[in-house]
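Enquirer: Mind looking over this structure? Questions follow.
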Amino acid sequence: MIKIIGAEGSDEYAAAEKVKEEFEKFLDPINCRKSDIRIVVSAKTYGEKRQDIDLVVAGFLSTRVEIPKSRTVTSQVFVKSFFLTIEVKNHRFNSIQFSGPKVFVRYKDRREDASEQAEEQKYSALEYIRKHRIEVPYILSILMLNNVPKSHLPSQRHNIIAGDFDLQDILEIIYIAQERRLSSGNKVFQAFRQDEASAYLQVVDLFCKKLELTQLDRKRIEITTKKSFDQKFARENLGKQLLVIRGAGGTGKTVTLLQLAQYVYQELNAKALILTYNLALVSDIRRLMALIGMSDDIATAKVAVSTVHSFVYKILDIAGMAPGKDNQFLHNYADLKASLLSAIGAMDKSELEPWDYIFIDEGQDWPEDERDIVFNLYGIPNVVVAEGRSQLVRSRSLCDWTTFRSLPLKYESVTYTRSLRMKHDQCKYVIKLIDALGLTDWKISPNVEIFGGRVIIAIGDLSVDQKLIDSVISSAKRDGNKEVDLFVCVPPSFVEKRSIRRLNRFNGREELFVEKFSPLGDTLRDYGYAVWDGVDEEERQSFPTNVHQLRLVQYDSCRGLEGWAVINFAIDELYDYKKENFEPTPLEKSDFLFDHDASADNFAKKWLAIPMTRAIDTLVLNVKDPSHWLVDVLIAAADGSPAVEVVRCSATQGLVV
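Sequential numbering from 1 applies to the sequence shown in UniProt numbering.
Set out below in structure tokens:
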């Protein structure tokens, strides 16, 4: 059986039909009928670097077949199973350039490395399978050039098939990739183990599944796709001057950026890039875009989202400044940015991704050199900045986007003060609590249109109180939510490290890596929950693909996120950590009246306010140490409110979930 899975009518579907036809020509009728070959068109690898694979071709043959000998195939080799990712290119021949075995394709305004794109598809598939805890098959990547004849392909060994390919060409690519391994005496190529037919079906099914929407997802999609901002304001100012959106946490700044991105994509046929420092927020936005049906592939999308670090890395690469591997890049990040700024005037910008607009999230927290890189490359009028001036995470100094080279800029701004996230009663408590903490620069007002909401003050070790954890999750599910609509926040003290074997993306080899993880994630799994552990940076590269996964992140990654219920573990340890690690600015150090302890206290309290504004309906604030001063402040702020419940944690048997 050879089956094509996917929507008809696309170039990719036509390529799938050609692949199917060549298999039918090559295999004898009995083997063709008894084998299982699936060709998935526009396969999805949700959350990976490349979320769309043009073709996935997977096969488990009933009888092994010999690869016919040729100038390339010089020994007897058989194929039993295979897993191929195929990048399909329909560029005209004069838009394609060969450099040895590598292929570059020309779009109207840029050149792309098609060979690298094909390889990225392979690694996206590999990581996607691995993260679903399924045994990973041996994956080969192929680049299909539909408008290039065989006679014009490179003479070197390569992984390219032409428009007039036959199955022999695909089999030779399999042979080339496996030649050394097979020469040891094993003459049968198998992407899947002989006894793993069930694993084969698991893998294939994985690439056919759709993301499931939750009730909260539908609401977020409705809000994101609704043009609730002032369209006249957008038309009159976008591309003409800098736009600044201001507001406290939960007032709708990030949503407005997404709405504007949708607007420029749909109404202006323009391209927009959303930049943030927060990898967990990138994952959250990418999941929302996938649910909406928007591709966020940087190479092809009209709207994409990226971390500023990834953005700067690519700019350095284009500028020929060799940023190096991830660890070298981050270690030398400040020096690399300085070098880039000094050379940016002479830089050839023709290879830059042609974004029409750059949307900046949490702009107050950007270093000025990153602001200057964006302004120099894409122009001040094409930038929209969202900023919450009381929320500093990366630095202690506010970045002023309304000045450049010490000169004031022309700009328009809008300020949001009403909470669009928290329900009324919960918001009133948070406002009282923020006031009790002495945070005078947090300006937020309750939304009178969404009454309700509750707060649970949990005192003691919440991680052992399964009954309380179960009750919060069960309550959210009774309201029509799924586990993915909730999230859990933990302080650095809840994070540990362990060594694991993982694929090195730079050399394709499996190597020993140190990963971060939270033992709380293991505890929650013991309680019966699936967990997306965003404590690990590798995990944050993707997003939850199962609605039954609880999201778990560090407090450093929670800004910009939201959940129906948010369980904040050990906020006392968060406060203590931030206060202890407070670093004053050089200007503060030079002031002889500077009070280090008072400033550290204020800094740590501002950090507490960030997770307090993440929940829509249920906010859980856990103080692990019952003697911590925060206990009295949290309880006093409740002031008898029926929306606030105080619970003493204890080791209890939870619900069966």
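The beta carbon of each residue, even a glycine, is placed where N, CA and C say it ideally should be.
1) Just mark Val204 as buried or exposed, buried being the case when its beta carbon has 16 or more other beta carbons within 10 Å.
2) Could you check if Leu206 is buried or exposed, using at least 16 other CB atoms within 10 Å of its CB as the buried criterion?
3) Looking only at DSSP bridge pairs, what is Ser81 linked to?
4) Check this for me: beta carbons of Arg525 and Gly563, under 8 Å apart or not?
5) Under 8 Å: do the region 403–418 and the region 263–274 share three or more Cβ pairs, one atom per stretch?
6) Going by DSSP, which residues form a beta bridge with Gln97?
7) Can you give the Cα-Cα distance for Ser542 and Phe329, rounded to whole angstroms?
8) Would the beta-carbon of Ile358 fall within 8 Å of that of Tyr378?
9) Does DSSP classify residue 669 as helix, strand or coil?
10) Less than 7 Å between C-beta atoms, sequence neighbours within five positions excluded: which residues of the same chain meet that for Ala299?
11) Report yes or no: do three or more beta-carbon pairs, one from the region 236–252 and one from the region 369–389, lie closer than 8 Å?
12) Helix or strand or just coil, what does DSSP make of Ala114?
13) What are the complete alpha helix (DSSP H) segments, minimum 4 residues, inside the region 150–185?
14) So, using beta-carbon positions, are Val414 and Leu619 closer together than 8 Å?
15) In three-state DSSP terms, what is Ile67?
16) Look at Phe78 and Phe189 and say whether their C-beta atoms are less than 8 Å apart.
17) Do the region 84–101 and the region 140–150 meet, that is, are 3 or more Cβ pairs less than 8 Å apart?
18) Would you mind working out which of Ile469, Asn602, Leu260, Asp52 sits nearest Lys579, comparing C-alpha positions?
19) Rounded to a whole number of angstroms, what is the C-alpha to C-alpha distance between Val65 and Tyr13?
20) My guess is that Glu8 and Ser70 are in contact by the Cβ rule of under 8 Å, so how many angstroms apart are they, rounded?
21) For Phe506, which three-state DSSP category applies?
22) Indicate whether Ser650 and Gly528 have their beta-carbon atoms separated by less than 8 Å.
23) Under the rule that 16 or more other beta-carbon atoms within 10 Å means buried, what is Lys423, buried or exposed?
24) Which value, in whole angstroms, describes the spacing of the CA atoms of Phe550 and Val472?
25) How far does the beta strand (DSSP E) with Trp532 in it extend, from its first residue to its last?
26) Could you name each continuous beta strand (DSSP E) segment of 3 residues or more that falls completely within the region 599–652, going from the start of the chain to the end?
27) Using CA atoms only, rank isn't needed, just tell me which of Arg110, Lys497, His132, Pro137 is closest to Lys122.
28) Put Arg454 into one of helix, strand or coil per three-state DSSP.
29) So if DSSP puts Asp36 in a beta bridge, which residue, or which two residues, is it bridged to?
30) Could you say which of Ala636, Tyr416, Lys432, Asp425 lies nearest to Gly252 if we only look at CA atoms?
31) Taking contact to mean 3 or more Cβ pairs, one atom from each stretch, closer than 8 Å, check whether the region 588–597 and the region 568–576 are in contact.
32) Here's the rule: buried if 16 or more other CB atoms are within 10 angstroms of the residue's CB, otherwise exposed. What is Arg286?
33) Using a Cβ-Cβ cut-off of 8 Å (strictly less than) and excluding sequence neighbours within five positions of Lys605, which residues of its own chain qualify?
34) For Gln97, I'd like the list of residues in its chain whose CB is within less than 6 Å of its CB, leaving aside the five on either flank, ordered along the chain.
35) For the region 362–376 against the region 274–288, do three or more pairs of beta-carbon atoms, one drawn from each stretch, fall closer than 8 Å, so that the two count as touching?
36) On the three-state DSSP scale, how would you describe Lys232?
Expert: Looking at the atomic coordinates:
1) It is buried - the Cβ of Val204 has at least 16 other Cβ atoms within 10 Å.
2) The C-beta of Leu206 has 16 or more other C-beta atoms within 10 Å across all chains shown, which makes the residue buried.
3) Bridge partners of Ser81: Phe60, Gln190.
4) Contact: no.
5) Note that the region 403–418 does not touch the region 263–274; fewer than 3 beta-carbon pairs, one per stretch, sit closer than 8 Å.
6) Looking at the DSSP assignment, Gln97 forms a beta bridge with Phe104.
7) Looking at the backbone, the Cα of Ser542 and that of Phe329 are separated by about 21 Å.
8) It is a contact, given that the beta carbons lie within the stated cut-off.
9) This structure leaves residue 669 out entirely; the chain is present only between 1 and 657.
10) Low confidence applies here, because Ala299 scores a pLDDT of 49, under 50, leaving its location unreliable and the question unanswered by this model.
11) Segment contact: the region 236–252 against the region 369–389, three or more CB-CB distances shorter than 8 Å; contact assigned.
12) Three-state DSSP puts Ala114 in a helix.
13) Unbroken alpha helix (DSSP H) runs of no fewer than 4 residues, entirely contained in the region 150–185, are found at 167–182, following chain order.
14) Cβ atoms of Val414 and Leu619: not closer than 8 Å.
15) In the three-state DSSP reduction, Ile67 falls in the coil class, being neither helix nor strand.
16) Yes, the pair counts as a contact, with Cβ atoms nearer than the cut-off.
17) Yes, they touch.
18) Nearest of Ile469, Asn602, Leu260, Asp52 to Lys579, Cα basis: Asn602.
19) Tyr13 has its alpha-carbon roughly 26 Å from the corresponding atom of Val65.
20) Cβ atoms of Glu8 and Ser70 stay farther apart than 8 Å, at about 34 Å.
21) With a pLDDT of 49 at Phe506, under the threshold of 50, the predicted position of this residue should be treated as unreliable, though the coordinate-derived value follows. Secondary structure at Phe506: coil, using DSSP grouped into helix, strand and coil.
22) In this structure, Gly528 does not lie closer than 8 Å to Ser650 by Cβ.
23) With 16 or more Cβ atoms within 10 Å of its Cβ, Lys423 is classed as buried.
24) Residue identity differs from the one stated: residue 550 is Leu in this sequence, not Phe. Rounded to whole angstroms, the gap between the alpha carbons of Leu550 and Val472 is 12 Å.
25) Membership of Trp532 in the beta strand (DSSP E) is indicated by the continuous run 530–533.
26) As far as the region 599–652 is concerned, its whole beta strand (DSSP E) runs of at least 3 residues are 615–623, 644–648.
27) In this structure, Pro137 is the residue among Arg110, Lys497, His132, Pro137 with its C-alpha nearest to the C-alpha of Lys122.
28) In the three-state reduction of the DSSP assignment, Arg454 falls in the strand class, which pools E and B.
29) Answer is Phe60.
30) Minimum Cα distance to Gly252 is reached at Tyr416.
31) No contact exists between the region 588–597 and the region 568–576.
32) Under a 10 Å Cβ-count criterion, Arg286 is classified as buried, with 16 or more other Cβ atoms of the shown protein chains found around its own Cβ.
33) Shown here for Lys605: same chain residues with a beta carbon closer than 8 Å to its own, the five before and five after excluded, namely Leu437, Gly438, Leu439, Tyr575 in chain order.
34) Closer than 6 Å at the Cβ level, and outside the excluded window around Gln97, lie Phe104.
35) Per the Cβ contact rule, the region 362–376 is in contact with the region 274–288 (3 or more Cβ pairs under 8 Å).
36) Judged by DSSP in its simplified three-state form, Lys232 adopts helix.
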